[in-house]
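Enquirer: Below you will find the structure I want to go over with you.
Number of protein chains: 2
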Amino acid sequence: MTVPPRKATIHDIARLSGASPSTVSAALSENWKSRRISEPRVEEIRRIAAEQGYSINMQARGLRQARSGLVGMVIPIHDNRFFSSMSQSFEAFARDRGLVPVIASSMRDRNEELRIVRTLISYAVDYLFIAGATDPEAITALCRTAGLRHVFVDLPGPGAPSVISDNHQGAARLTRQLLADMTGDPTPRGRIYLIGGVATDYATSRRIEGFRDVLAEAGHPPAPEQIIACGYSPLRAKHEITALCDRLGGLPAGLFVNSLTAFEGVLGYLVGLPPEAVEGTAIGCYDYDPFAAYLQFPVHMVRQDSHRLIELAYDLIDREDQTPALYEVEPKLIPPRTIDYGPHGQFG
Amino acid sequence: MTVPPRKATIHDIARLSGASPSTVSAALSENWKSRRISEPRVEEIRRIAAEQGYSINMQARGLRQARSGLVGMVIPIHDNRFFSSMSQSFEAFARDRGLVPVIASSMRDRNEELRIVRTLISYAVDYLFIAGATDPEAITALCRTAGLRHVFVDLPGPGAPSVISDNHQGAARLTRQLLADMTGDPTPRGRIYLIGGVATDYATSRRIEGFRDVLAEAGHPPAPEQIIACGYSPLRAKHEITALCDRLGGLPAGLFVNSLTAFEGVLGYLVGLPPEAVEGTAIGCYDYDPFAAYLQFPVHMVRQDSHRLIELAYDLIDREDQTPALYEVEPKLIPPRTIDYGPHGQFG
DNA sequence: TCTGGTTGCGCAATCGATTGCGCAGTTTCA
DNA sequence: TGAAACTGCGCAATCGATTGCGCAACCAGA
Numbered sequence: 000m001t002v003p004p005r006k007a008t009i010h011d012i013a014r015l016s017g018a019s020p021s022t023v024s025a026a027l028s029e030n031w032k033s034r035r036i037s038e039p040r041v042e043e044i045r046r047i048a049a050e051q052g053y054s055i056n057m058q059a060r061g062l063r064q065a066r067s068g069l070v071g072m073v074i075p076i077h078d079n080r081f082f083s084s085m086s087q088s089f090e091a092f093a094r095d096r097g098l099v100p101v102i103a104s105s106m107r108d109r110n111e112e113l114r115i116v117r118t119l120i121s122y123a124v125d126y127l128f129i130a131g132a133t134d135p136e137a138i139t140a141l142c143r144t145a146g147l148r149h150v151f152v153d154l155p156g157p158g159a160p161s162v163i164s165d166n167h168q169g170a171a172r173l174t175r176q177l178l179a180d181m182t183g184d185p186t187p188r189g190r191i192y193l194i195g196g197v198a199t200d201y202a203t204s205r206r207i208e209g210f211r212d213v214l215a216e217a218g219h220p221p222a223p224e225q226i227i228a229c230g231y232s233p234l235r236a237k238h239e240i241t242a243l244c245d246r247l248g249g250l251p252a253g254l255f256v257n258s259l260t261a262f263e264g265v266l267g268y269l270v271g272l273p274p275e276a277v278e279g280t281a282i283g284c285y286d287y288d289p290f291a292a293y294l295q296f297p298v299h300m301v302r303q304d305s306h307r308l309i310e311l312a313y314d315l316i317d318r319e320d321q322t323p324a325l326y327e328v329e330p331k332l333i334p335p336r337t338i339d340y341g342p343h344g345q346f347g
Numbered sequence: 000m001t002v003p004p005r006k007a008t009i010h011d012i013a014r015l016s017g018a019s020p021s022t023v024s025a026a027l028s029e030n031w032k033s034r035r036i037s038e039p040r041v042e043e044i045r046r047i048a049a050e051q052g053y054s055i056n057m058q059a060r061g062l063r064q065a066r067s068g069l070v071g072m073v074i075p076i077h078d079n080r081f082f083s084s085m086s087q088s089f090e091a092f093a094r095d096r097g098l099v100p101v102i103a104s105s106m107r108d109r110n111e112e113l114r115i116v117r118t119l120i121s122y123a124v125d126y127l128f129i130a131g132a133t134d135p136e137a138i139t140a141l142c143r144t145a146g147l148r149h150v151f152v153d154l155p156g157p158g159a160p161s162v163i164s165d166n167h168q169g170a171a172r173l174t175r176q177l178l179a180d181m182t183g184d185p186t187p188r189g190r191i192y193l194i195g196g197v198a199t200d201y202a203t204s205r206r207i208e209g210f211r212d213v214l215a216e217a218g219h220p221p222a223p224e225q226i227i228a229c230g231y232s233p234l235r236a237k238h239e240i241t242a243l244c245d246r247l248g249g250l251p252a253g254l255f256v257n258s259l260t261a262f263e264g265v266l267g268y269l270v271g272l273p274p275e276a277v278e279g280t281a282i283g284c285y286d287y288d289p290f291a292a293y294l295q296f297p298v299h300m301v302r303q304d305s306h307r308l309i310e311l312a313y314d315l316i317d318r319e320d321q322t323p324a325l326y327e328v329e330p331k332l333i334p335p336r337t338i339d340y341g342p343h344g345q346f347g
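Below is the structure:
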């Protein structure tokens with residue numbers, strides 16, 4: 000097969016078919032009826048286009064139409080079951096609308112996040128979804144000057160519609176479950192500790208409230224040292240859990256891990272312990288991973304409905320009214336050692 | 000804040016600065032020196048551009064320059080630690096080169112895969128990476144008529160450079176390890192079974208060879224029924240492992256699971272068993288997941304070096320010579336209950 | 001003063017598709 | 001039979017940036 004000098008354009012097809020570029024354009028799109036191109040002509044043109052392996056240049060089309068057919072999404076990190084299943088849903092819904100998804104990860108870095116938003120604006124994405132935003136206000140500012148519709152997911156922003164999990168509810172349920180599994184007295188080692196997340200994040204703060212409320216309800220409001228919002232880094236979490244256990248002289252009675260990434264770090268510590276050392280501890284993790292659900296020890300997991308989150312986000316993007324508002328989706332408590340295939344068994 | 004009628008263009012900046020569009024273009028890019036624009040002029044123009052929140056229109060630039068700054072990658076599925084960590088690396092290398100990554104998942108569907116390739120061609124991606132290709136020849140054909148450089152990853156194609164793991168080696172090592180852990184006699188239940196993957200896939204077939212060679216070496220070449228290449232679907236794998244155990248009257252002595260997705264299905268079955276039922280079985284999985292590494296029972300895992308795979312793929316794309324060739328990367332055997340942070344602790 | 005080089009910048013074509021408008025030829029209908 | 005309506009299609013402008021080429025002003029040297 001000889002390599003053609005360059006990709007065929009609409010002009011090449013026009014030349015080959017004896018039609019004008021306008022006619023070719025119309026014939027290849029759906030509006031040939033409204034431009035009154037005769038059906039035999041259309042078929043002839045399409046035949047030639049197929050023969051030449053013609054494919055439209057979306058840059059040119061986008062330039063003219065002032066829309067690109069791209070949808071952007073920013074996520075903190077790909078390599079995580081929560082966010083990668085969001086990506087999967089995001090892509091599925093994009094396809095349904097004939098849009099092409101562009102997903103970029105910010106590594107939870109504010110500047111990187113803004114850089115990505117600016118880049119996506121340069122590519123004229125038609126809509127933008129931001130999951131786990133670090134600086135929602137700045138993002139909204141950028142989007143506004145570009146006239147770009149955007150929706151926050153997972154972490155809300157004040158400047159645009161936001162769809163998030165009911166973090167308070169999810170955390171409260173998980174905490175209640177862990178308390179029920181705990182047997183110890185309210186000595187330091189008998190307490191439950193929350194680890195991971197960033198306290199100023201909306202999501203984490205709501206979870207902490209849920210955690211706190213349930214403990215208070217149970218008569219043991221948490222001491223400050225019971226809440227270790229040390230961020231999302233696995234290594235940092237490992238460090239913190241190590242320090243905690245050193246202080247306490249062993250694992251506490253309960254452990255509420257605030258994200259999968261933090262849980263990876265915690266696991267890095269637990270791996271080094273004799274199996275029986277973990278037995279007395281009730282462990283829960285906010286977010287679900289099918290493998291994490293079947294560890295050596297039982298783990299309660301909160302499964303956020305990422306599919307529903309994204310579905311709702313797309314709904315919001317479509318609404319005429321882009322007034323900021325908060326929409327909450329119920330998460331689900333998954334019992335230990337349960338493989339949950341989710342509402343869409345086709346994934347995974 | 001009032002919404003401007005539309006995004007500022009280079010012409011707006013030209014008008015505001017009293018310069019011509021060409022000058023503005025040059026001033027905002029790096030070639031103002033070669034066009035001999037005076038430095039004060041450049042600074043003034045940049046100031047005004049910043050003031051107006053100008054951002055370049057990549058569609059227009061791409062159209063003119065016949066390149067988009069996009070780099071595409073097709074993966075089978077996002078929601079999987081192997082592929083999502085590939086995505087992470089893919090994105091990191093793209094950033095280093097000033098490219099914007101576009102990652103799409105084919106769900107391992109041939110038609111979907113081709114649709115995606117065509118779409119990415121329409122968007123004029125500068126390069127294309129295809130991981131786990133279903134129909135490499137067809138992809139190469141499309142890319143050739145578009146004059147698009149592409150590289151296959153994980154599953155090779157005959158029409159372009161390919162970088163893959165040394166599947167034979169990885170499978171052989173894993174098999175050897177499992178054999179060493181097994182105690183049973185070579186009765187059917189005492190045997191080791193390989194489950195998951197598609198036998199006609201290059202990767203799977205090489206792994207099966209590795210598996211077979213090691214068993215033959217040990218004096219027990221596998222019977223056909225010991226190789227259950229039932230695809231990648233978790234549900235299918237669950238079904239097959241269930242059927243197998245029904246036939247055997249329990250778990251076999253060894254289990255070589257051929258992918259994380261199949262492992263999810265297998266796990267779905269194992270979850271329902273009493274813990275001690277699993278004790279006598281040596282289990283291994285091709286591909287690594289940090290959580291899977293610390294299940295109730297020990298699992299040997301093969302970790303492919305996705306970072307290195309991608310790095311090598313980018314190298315190949317740069318080469319002048321795009322002759323098809325196969326490059327192999329060594330995978331690593333991860334002992335049970337080990338958290339491996341990989342060569343790049345920044346991820347995850 | 002004339003030539004030749006340099007500086008600083010603008011004109012206009014170009015990339016590939018879309019689209020408002022208009023034009024010739026044919027049909028319809030009063 | 002003439003006007004109106006319809007059919008089928010092409011012309012040329014347009015989207016926003018890049019780039020080859022050229023031009024005017026200035027300076028230095030002969």
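Read top to bottom, the protein sequences are chains F and B. Sequential numbering from 0 applies to the first sequence in numbering that gives the first Met the number 0. Sequential numbering from 0 applies to the second sequence in numbering that gives the first Met the number 0. The beta carbon of each residue, even a glycine, is placed where N, CA and C say it ideally should be.
Taking M181/B as the query, report the chain F residues whose CB atoms sit under 9 Å from its CB, ordered along the chain.
Expert: In chain order: nothing, as chain F lies at least about 21 Å away.
Enquirer: Going by CA-CA distance only, name the one from R302/B, G218/B, V270/B and P75/B that's closest to T241/B.
Expert: Nearest option by C-alpha distance: V270/B.
Enquirer: Decide if D153/B is buried, meaning its Cβ has at least 16 other Cβ atoms within 10 Å, or exposed.
Expert: By the neighbour-count rule (16 or more Cβ atoms within 10 Å), D153/B is buried.
Enquirer: How many Å lie between C284/F and G267/F at the Cα?
Expert: Each residue's alpha carbon lies about 15 Å from the other.
Enquirer: For N110/B, return the contacting residues in chain F, with the cut-off set at a CB-CB distance below 7 Å.
Expert: Within chain F, no residue comes near N110/B; the closest Cβ sits about 12 Å away, beyond 7 Å.
Enquirer: Roughly how many whole angstroms lie between the Cα atoms of A276/B and Q176/B?
Expert: One C-alpha to the other measures close to 21 Å.
Enquirer: So for E327/B, helix, strand or coil by DSSP?
Expert: Note: E327/B maps to strand in three-state DSSP.
Enquirer: Can the beta-carbon of L147/B be found less than 7 Å from the beta-carbon of V101/B?
Expert: Contact: no.
Enquirer: Could you list which residues in chain F have their beta carbon closer than 9 Å to that of P100/B, in chain order?
Expert: Result: V101, I102 and A103.
Enquirer: So, for E136/F: in the same chain, excluding its five sequence neighbours on each side, which residues have a beta-carbon less than 8 Å away from its beta-carbon?
Expert: So the list reads G156, P157 and G158, once near-sequence residues are dropped.
Enquirer: To the nearest angstrom, report how far apart R211/B and I194/B are at their CA atoms.
Expert: Their Cα atoms are separated by approximately 13 Å.
Enquirer: Note down, in chain order, every chain B residue with its Cβ under 7 Å from the Cβ of R80/F.
Expert: Those within 7 Å of R80/F in chain B are D78.
Enquirer: Might you give, ordered along the chain, the residues of its own chain that have their beta carbon closer than 8 Å to the beta carbon of V2/F, omitting 5 neighbours on each side?
Expert: Reliability of the predicted coordinates at V2/F is poor, the pLDDT of 47 falling under 50, and no value is obtained from them.
Enquirer: Can a CB atom of chain B be found closer than 7 Å to the CB of D258/F?
Expert: Residue identity check: residue 258/F is Ser in the sequence provided, not Asp. Taking Cβ atoms only, chain B never reaches closer than 7 Å to S258/F, which makes this a no.
Enquirer: Note down, one range per segment and in chain order, each beta strand (DSSP E) of at least 3 residues found wholly within the stretch 290-316 of chain B.
Expert: You should have 298-302.
Enquirer: Against R336/F, what residues of chain B qualify as contacts under a CB-to-CB distance less than 7 Å, listed in chain order?
Expert: Correct list: V270.
Enquirer: Determine the DSSP secondary structure at I201/B, reduced to helix, strand or coil.
Expert: Checking the sequence, you will find Tyr at residue 201/B rather than Ile. Note: Y201/B maps to helix in three-state DSSP.
Enquirer: What residues of chain F sit near G248/B, judged by a beta carbon separation below 9 Å?
Expert: Chain F residues near G248/B: none, gap ~23 Å exceeds 9 Å.
Enquirer: Take G131/F and list the residues in its own chain whose beta-carbon comes closer than 6 Å to its own, dropping the five residues that flank it on each side.
Expert: Around G131/F: P75, D153 and L154.
Enquirer: Under 7 Å between beta-carbons, which chain F residues line up against R117/B? List them in chain order, please.
Expert: Under the 7 Å cutoff, chain F gives S54.
Enquirer: Can you grab the Cα-Cα spacing for the pair L178/B / H299/B, in whole Å?
Expert: Cα to Cα, the separation comes out at about 12 Å.
Enquirer: Could you tell me which whole alpha helix (DSSP H) segments of length 4 or greater appear in the stretch 120-169 of chain F?
Expert: List check, alpha helix (DSSP H) in window: 135-145.
Enquirer: Can you tell me the Cβ-Cβ gap for Q321/F and P160/F, rounded? I've got them flagged as a contact below 8 Å.
Expert: Between P160/F and Q321/F the Cβ distance is about 6 Å, and since that is below 8 Å, they are a contact.
Enquirer: Is the stretch 236-253 of chain B touching the stretch 200-216 of chain B, taking contact as three or more C-beta pairs under 8 Å?
Expert: The answer is no - the stretch 200-216 of chain B does not touch the stretch 236-253 of chain B, with fewer than three Cβ pairs under 8 Å.
Enquirer: How big is the Cα-Cα spacing for L127/F and V116/F?
Expert: Taking the straight line from one Cα to the other gives about 8 Å.
Enquirer: Could you give the C-beta distance for A236/F and C229/F, rounded to a whole number, given that I count them as a contact under 8 Å?
Expert: Indeed, because the Cβ distance is near 6 Å, the residues count as touching under 8 Å.
Enquirer: Does the beta-carbon of L325/B have 16 or more other beta-carbons within 10 angstroms, so that it is buried, or is it exposed?
Expert: Its Cβ having fewer than 16 others within 10 Å, L325/B is exposed.
Enquirer: Exposed or buried, which one is E263/B when buried takes at least 16 other CB atoms within 10 Å?
Expert: Label assigned to E263/B: buried.
Enquirer: Starting from the beta carbon of Q87/F, find every residue of chain B whose beta carbon is closer than 8 Å, and list them in chain order.
Expert: Under the 8 Å cutoff, chain B gives I76, H77, D78 and S104.
Enquirer: Can you give me, in chain order, the residues of the stretch 268-299 of chain F that have a beta carbon less than 7 Å from any beta carbon in chain B?
Expert: Flagged, chain order: V270, D288, P289, F290, A291, Y293, L294 and Q295.
Enquirer: Under 7 Å, Cβ to Cβ, is there at least one residue of chain B near Q58/F?
Expert: Yes, its Cβ sits closer than 7 Å to a Cβ of chain B.
Enquirer: Measure the CB-CB distance between A25/B and V150/B and report whether it falls below 7 Å.
Expert: Contact flag unset, no.
Enquirer: Do the stretch 330-338 of chain F and the stretch 300-307 of chain F touch if we need at least three Cβ pairs shorter than 8 Å?
Expert: Flag = yes, the stretch 330-338 of chain F and the stretch 300-307 of chain F touch.
Enquirer: Write down the C-beta distance between A252/F and G209/F rounded to the nearest angstrom, noting that I regard them as a contact closer than 8 Å.
Expert: Not quite, the Cβ-Cβ distance comes to about 19 Å (not below 8 Å), so this is no contact.
Enquirer: Just the chain F side, please: which residues come within less than 9 Å of S21/B by C-beta, in chain order?
Expert: Those within 9 Å of S21/B in chain F number zero; the least Cβ separation is about 18 Å.
Enquirer: Closer than 8 Å by C-beta to L103/B: which residues in its own chain qualify, once you throw out the five before and the five after it? Chain order, please.
Expert: The displayed chain sequence assigns Ala, not Leu, to residue 103/B. Excluding residues within five positions, the ones whose Cβ falls inside 8 Å are G71, M72, V73, I74, I115, T118 and L119.
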